[in-house]
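In the numbering used here, the protein residues as written are 1071 to 1390.
By construction, the Cβ of each residue, glycine as well, lies at the ideal position given by its N, Cα and C atoms.
Remember, it's a predicted structure, so these values are computed and weren't measured experimentally.
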């Protein structure tokens, strides 16, 4: 049995509920000094015992949400942060970086674009206390020579959950999964090739949703396998499809997604390209929803989806 070791507590300070004062620059790279101010809230939670941090922001005056997904890479010892805006449901390019040696500030930088032109984007955390925090976003259009701050947030801890947003619900596809589950697993070893054998194990999973169902997240515990797993699911309202990303606690990365939807019979099929032991493959997830029982299956294909080899099956039984 695996004893989990806490890899980091860098973003534990953000757990809980906050009121947030926002200041945003009206126009970037235009010599603008006009700022817009508005209030919002955020709710943050950590997973993988601190190595994943997710916060959901609410913007009442805009009628929208924002989501930050932070993953800690235990090998590189750095953080990657992705942003999701409920108005686009896009997963924006990540920024990467870490905390200063004294732990007083955190700076992360990544590639982005503005008005179709490449830029650099930075996030910076500072002035962390038990009840407050400060965050700034800046852009650079000259390769990092100069930076222009365009978004400032000041966080103040609150005691109660923020009120929900009164916005239309985009989907409830994965609402069936919310809660805690026991899982009986059967895995093929090896995942591809012969000879092969199947072995069994038990695990648990806890599932929540963000954006009132349009983002689904689960954390799974696999004590006999030596890792924890998480899944981030993001709904695309235009295509009416889901992008499902797997996260392995040993790697701390957002894996290439599988894309798909639930069909008329209620079964969900999600597929995408991947690599297994250096070999290009296709991956398929199949979901069979249920109230107190549900099932999931993973299959690999080496012939562009003509044939599939199942290699991981989970039968879920609801705990609560």
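Evaluate residue 1368 with the Cβ neighbour count: other Cβ atoms within 10 Å of its Cβ, from every protein chain shown; 16 or more gives buried, anything less gives exposed.
-> buried
Query raised in the report: Per DSSP, what kind of secondary structure is residue 1299 in: helix, strand or coil?
Result: strand
Kindly list the residues whose CB is nearer than 6 Å to the CB of residue 1206, restricted to its own chain and excluding five residues on each side of it in sequence; keep chain order.
1194, 1219 and 1222
Check: Just to confirm, are residue 1303 and residue 1314 a CB contact at a threshold of 7 Å?
Finding: yes
Straight-line gap, residue 1329 to residue 1103 (C-alpha atoms, nearest Å)
42 Å
Requested in this report: Given a cut-off of 7 Å, decide if residue 1387 and residue 1288 are closer than it, judged by their beta-carbon atoms.
Outcome: In this structure, residue 1387 does not lie closer than 7 Å to residue 1288 by Cβ.
Q) With a Cβ-Cβ cutoff of 7 Å, do residue 1164 and residue 1151 count as a contact? A) yes
What are the boundary residues of the beta strand (DSSP E) that residue 1367 is part of?
In the DSSP assignment, residue 1367 falls within the beta strand (DSSP E) that extends over 1363-1371.
| message | My assumption, with CB atoms under 8 Å, is that residue 1108 sits in contact with residue 1300. Please give the rounded CB distance. | response | That pair is no contact at about 32 Å.
* Whole-angstrom distance between residue 1298 and residue 1321, CA atom to CA atom -> 10 Å
Problem - Within 7 Å, strictly: CB atoms of residue 1148 and residue 1168 - result: yes
Can you look up residue 1244 in the DSSP assignment and give me helix, strand or coil? coil
Practice prompt. Determine the burial state of residue 1184: buried for a count of at least 16 other Cβ atoms within 10 Å of its Cβ, exposed for fewer.
Written response: Burial state of residue 1184 is exposed, judged by a 10 Å Cβ sphere holding fewer than 16 other Cβ atoms.
Nearest neighbour of residue 1081, chosen from 1087, 1210, 1115 and 1075 [CA to CA]: 1115
Problem - Euclidean distance between Cα positions of residue 1365 and residue 1242 - result: 18 Å
Legend entry - Entirely enclosed beta strand (DSSP E) segments - the segment 1149-1231, minimum 3 residues: 1165-1169, 1176-1184, 1187-1196, 1202-1210 and 1218-1228
Residue 1324 in three-state terms, based on DSSP:
coil
| Can you round the beta-carbon distance between residue 1254 and residue 1385 to whole angstroms, since I take them to be within the 8 Å contact cut? | 5 Å
Using 10 angstroms around the beta-carbon of residue 1096, count the other beta-carbons present and answer buried if the total reaches 16, otherwise exposed.
exposed
According to DSSP, simplified to helix, strand and coil, what is residue 1101?
coil
- Can you give me the start and stop residues for the beta strand (DSSP E) that residue 1319 sits inside? It is not in any beta strand (DSSP E) - residue 1319 carries neither H nor E in the DSSP assignment.
- [ ] Could you tell me the boundaries of the beta strand (DSSP E) in which residue 1290 lies?
- [x] That run of the beta strand (DSSP E) goes 1285-1292.
For residue 1144 and residue 1307, what's the separation of their Cα atoms in angstroms? Straight-line Cα distance between these residues: approximately 34 Å.
| task | Report yes if the C-beta distance between residue 1076 and residue 1120 is below 7 Å; otherwise report no. | result | yes
Item to check | Selection from 1132, 1126, 1229 and 1085 that minimises the alpha carbon distance to residue 1106 | outcome: 1132
Check your understanding: Is residue 1383 helix, strand or coil when you go by DSSP?
Key -> strand
Per DSSP, which residues does residue 1235 bridge with? Please list them.
Partner(s): none; residue 1235 has no beta bridge.
What do you get for residue 1135, buried or exposed, if any count of 16 or more other CB atoms within 10 angstroms of its CB means buried?
When all chains shown are included, residue 1135 counts as buried.
**OP:** Answer yes or no: do residue 1286 and residue 1340 have a C-beta to C-beta separation smaller than 7 Å?
**Re:** no
Could you please give the first and the last residue of the uninterrupted beta strand (DSSP E) stretch that includes residue 1134?
-> 1134-1143
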